[in-house]
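What follows is a short report on a single structure.
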Amino acid sequence: MAELYIEGDPIRDEKAPEGPIEERWDKRRFSAKLVNPANRRKLSVIIVGTGLAGASAAATLGEAGYNVKSFCYQDSPRRAHSIAAQGGINAAKNYRNDGDSIYRLFYDTVKGGDFRSRESNVHRLSQVSVEIIDQCVAQGVPFAREYGGLLDNRSFGGVQVSRTFYARGQTGQQLLVGAYQALERQVAAGTVEMNTRHEMLELVVVDGRARGIIARDMVTGEIETHFADAVVLASGGYGNVFYLSTNAMGCNVTASWRAHRKGALFANPCYTQIHPTCIPVSGDYQSKLTLMSESLRNDGRIWVPKEGGDQRDPREIPEEERDYYLERRYPAFGNLVPRDIASRAAKNVCDEGRGVGPGGLGVYLDFADAIKRMGRPAVEAKYGNLFDMYQRITGENPYEVPMRIYPAVHYTMGGLWVDYDLQSTIPGLFVTGEANFSDHGANRLGASALMQGLADGYFVLPNTINDYLADGPFETLDENTPEAREAADAVRDRIDTLLSINGDRTVDSFHKELGQIMWDYCGMERTEEGLRKALDSVRELRAEFWRSVRVLGSNDELNQALEKAGRVADFLELAELMCIDALHRRESCGGHFRAESQTEDGEALRDDENFSYVAAWQFSGAGQAPVLRKEDLNYEYVEMKQRSYK
Amino acid sequence: MNITLRVWRQRSSGDEGRMVTYQVEDVSPDMSFLEMLDVLNEKLTLAGEEPIAFDHDCREGICGACGVVIDGVAHGPETTTTCQLHMRSFDDGDTITVEPWRAKAFPVVKDLVVDRSSFDRIIQAGGYISAPTGSAPDAHATPVPKADADRAFDAATCIGCGACVAACPNASGMLFTAAKVTHLGSVPQGQPERDARVVQMLNQHDEEEFGGCTNIGECAAVCPKGIPLDTISQLNRDLLGSLATGSAE
Amino acid sequence: MALKSAMAVTGAILVLFLIAHMYGNLLVFGGREAFDDYSHHLRELGEPMLPHGGFLWIMRVVLLASVLVHAYAAVALWRRAARARPAGQRYAVRRSAQSPARRYATQTMRWGGIIIVLFVVYHLLHLTTNHIAPGGASNSPYERVVNGFSIWWVVLSYTVAVLVIGYHLWHGIWSALATLGANRASRERALRTISTAIATIITVGFLIPPFSVLFGLVS
Ligand SMILES: Cc1cc2nc3c(=O)[nH]c(=O)nc-3n(C[C@H](O)[C@H](O)[C@H](O)COP(=O)(O)OP(=O)(O)OC[C@H]3O[C@@H](n4cnc5c(N)ncnc54)[C@H](O)[C@@H]3O)c2cc1C
Ligand code: HEM
Ligand code: HEM
Ligand code: SF4
Ligand code: F3S
Ligand code: FES
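Chains as they are written, first to last, in my numbering: chain S, 1 to 646; chain D, 1 to 249; chain C, 1 to 219.
Here is the structure:
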């Protein structure tokens, strides 16, 4: 394996304070340098991304008086991918008096992350969670309420307390619109300059500091250089490396990857989350997968035919010829086992050839018993909107025929490495939200990504970035600064190359093929052999991409194929790093399941002795073996245990 | 199934556009409308013709990015977003006409892509509650009657897609504006700015050269989120209220 | 913004006039005396505070002002709409997502309004000033009515005009109520029904006298 990467010096989070865990955040806020309000106007910050993490940060820094330049690739900041989140957002409010507390949320999150996240960060997240709800309510976010007028809660993702706040099935939208409105208020106030339909294609690093970005105006094709005293990446996750995922079509790794190439470490790239209840693929034209709420598993029963290749109508398959495999294998938890376990089990039965539906990639989620037991009206009241959605997409009526579900890539826990201040290894480059790696370890609990995005943007970053900005303003730069010119030229060259290859394959065909490789070998279950194969295939595919991709049109117009081509090119590089990371981590943990490391019952088996660290990867040149820098993880407050769901 | 598509092609905002006819073969009824366009685009690319540009992102009906006028109806024959429309809503052999949203306030960027930043500017004019980060009282400090919360929610589901404008014979953006006015005006936190909000947002709406509303109701009929038409009346009530209290202009 | 409220208010005034006028017209069934008295009475209303015909003149001024303001607002909105979707940006295919009948009513508001104004001019020349006097001029309003409506094409022209008015009001009344903020989800149906009902009553109410004359029920 040594040929795949080089082990470098370990890395440490220098910013995390010592002392009792509940005091660390206060301590850091106190020790961070402040910026005089009168000086803030002179300091500028670029924020790439207007999802929960980016919009909240832009609004807050704008309110504080900094000069903010905000970027997103959509036509409006309100359309960032965060808008799609359905379930809810956690907060340790203990409004239910059911024993919840900041400490319990902290504990659940560390454990849920399968002991691969930092205690200090997670504790801070739990502390701040409480303020998020207050903030959002003050902005007018219409959370679900009870008749008494107080906020409603539900329990989510298998936790035993009710701490999830929600707004019907559109929590992400409501939270994002709140942040978006706050952002637009600052645009009107002149503190935030909004650049929509702008895609960041390169980071500008001058004298070792992140000082700007190169962005392409997606309408005119102009390559623009923007400078600032600090750069924040809030550009979301990279699940689209799998082509098919629940992410929005435009989600990409470009911003993060370009920063990685400029020196920012990329941590735990192989940690991806696969969600068990998505609508299966219906054909090779499929462009994305749709998530259906996990709550369906509360009443639906999951099964496949006992015999492979059974083509009968599911309703005609008698009870004794069905295999309710989750109930069989996990009698205690049954259909309610955690996401990763349910996902892998579905994959296994399909691999055995017992999957159902087109291509044999699906399992039944059957409500026949529930309808018999509760009556159709009750089922309708509880799940009506989900059933409707299913019917709209598949054209099948789930009240009559069992639904078909299949797992899909949903979230990426890995991301750019950041310290306690959310600063990457490039001074002045901060990373927030799904784009960083920090809080979820090897597995994210439901309803905690929204919490993290808003915690980072509203409360953490605005209290830590000042420590860096206090040393500014930095030297004024212009387009002729050699580093900036070089970066812009590199972007132009790349675009020219993409446009000039004029080969015989479309961008999407490469993306689909890459996705298939990653799904097969770096998806739910990973093996040494498979990953090695994937590495070879990805490298081959990358070479072919640069030989025979076809991108029509020109740069100086809206050119969606060109946009995609740039993103796929970066995915092709990221994919290699993901495979290397997955290959080197020979344990199973959270969403990363190595077939070689399982318990006798086929459960994930961690190897804390050897792998209790964050794998932070350093770029060492195209085609060169990356450098592995380890950050040790220590657990002082939560005792490390093996998960069991029997 | 086989489909004949008539699609609006326009290179850029400055250029003249025109309708171009394409044949799409072997369309599966399970494809979404956008997937059908994807398939066509793959074919066009291989044939050396530039693919058709259209906006989209989430493909789950929530981001509001997608949206084209299909056979004269915004978002097509089902009351949903274009990305959630499936080919089973059409018949084999159909000719389908696809056009961009058309309004002065939504200039065409390319093909089926339009510029909806006028909506953002309406929000900038007052579509928010001023609540600087960190200044919030405890979330339970002000209970909100469930009926008000529900009304706020119904209005808040607007995804800013612009179908209302596309469908309105006056090209009015009133439903979008009214949805925001109603959302923020229905919660206690939104009261202090309520009078000023409606006036500022409407002024901006008019400045963006949207048409005036004459209560035609096409907007609500195509709105994929079912924003109720009575939000427009709510806006008018708020407007008359603010004119009465003299807080307008 | 103010345009819309002005439109609704002036529209409402015009509707009130129409209701009163319709009631007056139905007095033809009371015979020549009742009808002429009514017409005469109109001119005496308010006396001696107002000079002879004073009320009528006030009413005329209000009506005229209303029509002018209403028409001004309508034209302003029309032009805004034309600017908001200029020529060259029209749809190649247009279809309604709503019921076609209602859609038709909303789409004919502008031309409908113009037809109404033209009709009123014609109508005034006919029944008020009696410059146009098909069937013979007369000093008695009752006779003018009876003379006029004995002729089929006069009845036809009034019928067309009244139907146009009915359409205009079908949408107009609903729209005025919505503009004045009366619409709420729970009431939308009721308001639609009210506007349909008033429009129907006015249409039918206006159509009864001409047809009664034509078919000889009144002579
Ligand atoms: C279907 C679905 C349901 C979910 N449900 C939940 C849930 O119930 N609870 C929960 O907690 N989490 C949920 N999640 C996860 C959660 O929604 C995301 O992790 C979170 O919203 C990410 O927010 P973000 O701000 O980090 O990034 P995003 O919202 O992804 O925003 C990224 C931003 O970066 C911009 N951007 C990206 N690249 C570039 C570039 N190169 N140049 C310029 N701009 C760029 C984009 O325009 C966008 O504005 C769900 C996710 C999915 C897919
Ligand atoms: C100059 C001729 C006229 C024109 C161009 C015209 C045009 C219009 C238009 C475009 C509307 C729709 C506006 C809206 O829905 O808000 C309207 C509404 C209305 N019209 Fe007219 N109209 C004219 C004459 C009349 C007359 C003579 C009457 C009365 C008999 C009348 C009664 C109404 C009413 C009650 C409304 C509803 C007001 C509202 O919508 O707020 N109109 N008119
Ligand atoms: C078909 C039915 C109608 C009949 C029988 C009728 C009859 C009359 C008569 C007899 C007069 C003269 C009254 C007088 O001078 O004392 C009159 C006046 C008038 N009518 Fe009508 N009318 C009809 C429909 C309408 C309609 C549909 C309108 C409006 C849209 C209208 C508007 C007027 C106006 C404005 C006047 C002038 C009032 C004045 O200023 O003196 N009429 N009508
Ligand atoms: S009101 Fe409806 S149609 Fe209009 S922008 Fe909002 S969601 Fe789209
Ligand atoms: S269709 Fe247009 S006229 Fe008003 S009611 Fe809707 S905005
Ligand atoms: S693509 Fe997001 S709503 Fe259609």
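Don't be surprised by glycine CBs; every beta carbon is placed ideally from N, CA and C.
Just so you know, these numbers come straight off a predicted model, no measurement behind them.
I'd like to know whether the C-beta of residue i is nearer than 8 Å to at least one C-beta of chain D.
i                      : result
residue 177 of chain S : yes
residue 249 of chain S : yes
residue 188 of chain C : yes
residue 561 of chain S : yes
residue 111 of chain C : no
residue 366 of chain S : no
residue 209 of chain C : no
residue 294 of chain S : no
residue 56 of chain C  : no
residue 197 of chain C : no
residue 138 of chain C : no
residue 508 of chain S : yes
residue 169 of chain C : no
Since I believe residue j is in contact with residue i (beta carbons under 8 Å), could you give me their beta-carbon distance rounded to a whole number of angstroms?
i                      : j                      : result
residue 216 of chain D : residue 179 of chain D : Contact flag wrong, Cβ pair sits at about 17 Å.
residue 264 of chain S : residue 425 of chain S : 6 Å
residue 302 of chain S : residue 363 of chain S : 6 Å
residue 416 of chain S : residue 437 of chain S : 7 Å
residue 313 of chain S : residue 45 of chain S  : Their Cβ separation, rounded to whole angstroms, is 59 Å, which puts residue 313 of chain S and residue 45 of chain S out of contact at 8 Å.
Verify the CB distance criterion: does residue i have a CB-CB separation below 8 Å to chain C?
i                      : result
residue 133 of chain D : no
residue 73 of chain D  : yes
residue 18 of chain D  : no
residue 228 of chain D : yes
residue 240 of chain D : yes
residue 233 of chain D : yes
residue 255 of chain D : What is shown of chain D runs 1 to 249, which leaves residue 255 of chain D out entirely.
Using a Cβ-Cβ distance cut-off of 8 Å, determine whether residue i contacts chain S.
i                      : result
residue 14 of chain D  : no
residue 143 of chain D : yes
residue 184 of chain D : yes
residue 76 of chain D  : no
residue 197 of chain D : no
residue 42 of chain D  : yes
residue 118 of chain D : no
For a contact meaning CB atoms closer than 7 Å, what does residue i contact in chain S?
i                      : result
residue 128 of chain D : 181, 182, 184 and 185
residue 88 of chain D  : 395
Along chain D, in chain order, which residues have C-beta atoms closer than 9 Å to that of residue i?
i                      : result
residue 106 of chain C : 169, 214, 215, 216, 217 and 218
residue 81 of chain S  : 57, 58 and 63
residue 144 of chain C : Those within 9 Å of residue 144 of chain C in chain D number zero; the least Cβ separation is about 37 Å.
Can you pull the chain S residues whose beta carbon is under 8 Å from the beta carbon of residue i, in chain order?
i                      : result
residue 138 of chain D : 134
Which residues in chain D have a C-beta closer than 7 Å to the C-beta of residue i? List them in chain order.
i                      : result
residue 149 of chain S : 143, 144, 145 and 146
residue 458 of chain S : 133
Name the chain C residues whose beta carbon is nearer than 9 Å to that of residue i?
i                      : result
residue 99 of chain D  : 91, 92 and 93
residue 149 of chain D : By Cβ distance, chain C contributes nothing, its closest Cβ being about 15 Å from residue 149 of chain D, past 9 Å.
Mind pulling the chain C residues with CB within less than 8 Å of residue i?
i                      : result
residue 237 of chain D : 181
List, in order along the chain, the chain D residues whose C-beta lies closer than 8 Å to that of residue i?
i                     : result
residue 86 of chain C : 104
residue 77 of chain C : 170, 211, 212 and 214
Counting only Cβ pairs nearer than 7 Å, list the residues of chain C close to residue i.
i                      : result
residue 221 of chain D : 97 and 98
**Item:** Within the stretch 544-614 of chain S, ranges of the alpha helix (DSSP H) (whole runs, at least 4 residues)
**Value:** 560-584 and 608-611
**Prompt:** What are the uninterrupted segments assigned as alpha helix (DSSP H) that are 4 or more residues long and contained completely in the stretch 45-127 of chain S, given in chain order?
**Reply:** 52-64 and 102-112
**Prompt:** Closer than 7 Å from C-beta to any heavy atom of ligand 5: which residues, in chain order?
**Reply:** D:164, D:167, D:168, D:169, D:170, D:172, D:174, D:175, D:213, D:214, D:215, D:216, D:217, D:218, D:219, D:220, D:229 and D:232
**Message:** Please give me, in chain order, every unbroken run of the alpha helix (DSSP H) with length at least 4 that falls completely inside the stretch 375-429 of chain S.
**Reply:** 376-394
**Item:** Runs of beta strand (DSSP E) wholly within the stretch 165-212 of chain S (minimum 3 residues, chain order)
**Value:** 192-195 and 198-206
**Asked** Where in the stretch 481-530 of chain S do unbroken runs of the beta strand (DSSP E), each at least 3 residues long, occur, reported from the N-terminal end onward?
**Response** none
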